[in-house]
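Using full-length UniProt numbering, you'd call the opening residue of the sequence shown number 1 and step up by one each time. Quick reminder that beta carbons are idealized off the backbone N, C-alpha and C, glycines included. Okay, structure first, notes after.
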Amino acid sequence: MSSAETTVAESNTTDEVVAELRRRSSFVFVSHVKPDGDTLGAGLALGLALKQLGKRVAYFQQDPVPRNLRFLPDSEDVTRDVAADLPADTLWVFCDMSDFTRAGEYLPAIPREHMLDIDHHLGNSHFGAFNYVLPTEASTGTCVLRLLHALGVTITPEIATCILTTIMTDTGAFMHTNTTPAVLRMSAEMIELGADKPLITDQIFANKRFAATKLLGMALERAVLDDDGRFCWTYVDEAMLREANADGEDTEEIVQHLRAVDGVECAALFKDYEGAVRVSLRSRGRINVQAAAAMLGGGGHFMASGLTYPERDLRKAVDGVHAALRAQGL
């Protein structure tokens, strides 16, 4: 067993998970709400691989596939509908979520014995009968890559593109500190196997709608520096979305601009629309935003986390998150 697999005692080994994948005939891959390239790319990669082994594969996702991820192979098959004729041994594979509730309210009731949890988040609840949780991995997709190698399947250009998408998403196009030599070697392997890096770069990082650019300008105009310049935050609300003709997908890069401000140690974007205040947190490395988010019912990673504030009150959310960050040493 590798050191990554011994990090969390409750996790199954690669061999145990691979044996279960071989034993089952049918799979449904589950993405979390507000899907990103890691949750979707990881599920699509493993689904494409299991099809090689003659398995039945479906994909469940409550929300539509985001515009910038529709290039991914098999993404056209992602739906919130569940087939009525699923075999009794169907395994539901949850990718990139610390608890199955992150899949949303449309997820049907599933017995725990039919759940596999694949993740790299700190604080994962190990909700499945089978749990493959490797917190030292850069993405859920790199966890999946371990399974692909152990399964002995052919990593096609389509699978390689899905895996590289997960890596580039969760490393911020190789800018974050989780970009280790091992991650770069895995990325090179995927490119050698046919992953379309230019397509990933264009679709996810270099192809923004004009509405998103307008919304970014509005959010930056409202940005606030607190704590002697260590904390930068702003918000997006429904009025701003209407004015920019934007939607929730257009908010994705805003928090990164806040984090990039000179002297800022922690950044927050408050998204006050769709009936809730959701918060995206980013850290430069000193402040543990995962611990801060956990204090308010959220989670994620040391340097990138999120939460939904318990009340829909923007002022209370700003104050509550600020207090949680200060408790972590801001």
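With residue i as the anchor, note down where its beta strand (DSSP E) starts and where it stops.
i: Val94; result: Reading the sequence as shown, one finds Phe at residue 94 and not Val. Its beta strand (DSSP E) spans residues Leu91 to Cys95.
i: residue 390; result: Residue 390 lies beyond the range of the chain shown here (1 to 330); nothing can be said about it.
i: Ala304; result: Ala304 to Thr308
i: Leu269; result: Cys266 to Tyr273
i: Ala173; result: Run containing Ala173: none; DSSP gives neither H nor E here.
i: Arg278; result: Ala276 to Ser283
So, for residue i: in the same chain, excluding its five sequence neighbours on each side, which residues have a beta-carbon less than 7 Å away from its beta-carbon?
i: Asp99; result: Ser125 and Phe127
i: Val8; result: Bear in mind that the predicted position of Val8 carries a pLDDT of just 42, short of 50, making it too unreliable to give a figure here.
i: Arg146; result: Thr14
i: Ile167; result: Ala138, Ser139, Gly141, Thr142, Val183, Met186 and Ser187
Could you spell out the range, first to last residue, of the alpha helix (DSSP H) harbouring residue i?
i: Asp228; result: No alpha helix (DSSP H) holds Asp228; DSSP gives it neither H nor E.
i: Asp250; result: No alpha helix (DSSP H) contains Asp250, which DSSP labels as neither H nor E.
i: Thr14; result: Thr14 to Arg23
i: Arg326; result: Leu314 to Ala327
i: residue 336; result: Past the boundaries of the shown model lies residue 336; the chain is included only from 1 to 330, so the question cannot be answered.
i: Leu241; result: Glu238 to Ala244
If residue i and residue j are in contact, beta carbons under 8 Å, what's the gap, nearest whole angstrom?
i: Asn207; j: Asn68; result: 7 Å
i: Phe27; j: Arg56; result: 7 Å
i: Val30; j: Val93; result: 7 Å
i: Gly41; j: Thr165; result: 4 Å
i: Val277; j: Arg312; result: 6 Å
i: Ser139; j: Asp38; result: 5 Å
i: Ala49; j: Val153; result: 4 Å
i: Ala304; j: Arg282; result: 6 Å
i: Ser25; j: Asp89; result: 6 Å
i: Gly248; j: Glu274; result: 7 Å
i: Ala292; j: Gly123; result: With 8 Å as the limit, Ala292 and Gly123 do not qualify as a contact, their Cβ atoms being about 12 Å apart.
Skipping 5 residues on each side, what residues in its chain have a beta carbon closer than 6 Å to that of residue i?
i: Ala211; result: Ala244, Asn245, Ala246 and Asp250
i: Gln62; result: Val33, Arg80, Gly104 and Tyr106
i: Arg286; result: Glu265
i: Ala150; result: Thr14 and Val18
i: Glu20; result: Phe130
i: Asp319; result: none
i: His301; result: Gln290
i: Ser2; result: Annotation note: pLDDT 38 at Ser2 (below 50); position unreliable, coordinate value reported separately. No residues qualify anywhere along the chain.
i: Ala195; result: Ala160, Thr161 and Leu164
Does the beta-carbon of residue i have 16 or more other beta-carbons within 10 angstroms, so that it is buried, or is it exposed?
i: Met190; result: buried
i: Thr171; result: buried
i: Pro35; result: buried
i: Thr6; result: For Thr6, the predicted structure reports a pLDDT of 37, less than 50, and the residue's modelled location is therefore unreliable. The matter cannot be settled from this model.
i: Lys316; result: exposed
i: Ala324; result: buried
i: Glu10; result: exposed
i: Ala109; result: exposed
i: Asp96; result: buried
i: Leu53; result: exposed
i: Ala160; result: buried
i: Phe174; result: exposed
i: Ala327; result: exposed
i: Asp117; result: buried
By Cβ distance, which residues of its chain are closer than 8 Å to residue i, with the 5 residues on each side in sequence left out?
i: Leu215; result: Val236, Met240, Leu241, Ala244, Ala246, Asp250, Thr251 and Ile254
i: Leu314; result: Tyr235, Asp237, Phe270, Asp272 and Val277
i: Leu225; result: Phe231, Cys232, Val261 and Val264
i: Gly297; result: Leu307, Thr308 and Pro310
Any heavy atom of the ligand ADP within a distance shorter than 6 Å of the CB on residue i?
i: Gly104; result: With respect to the ligand ADP, the structure offers nothing, as it holds no ligand at all.
| request: Go through the UniProt domain "DDH" (28-167) residue by residue and report every complete run of the alpha helix (DSSP H) that reaches 4 residues or more, in order. | output: 37-52 and 140-151
| Every unbroken alpha helix (DSSP H) inside the region 177-215 [4 residues or more] | 181-192 and 197-200
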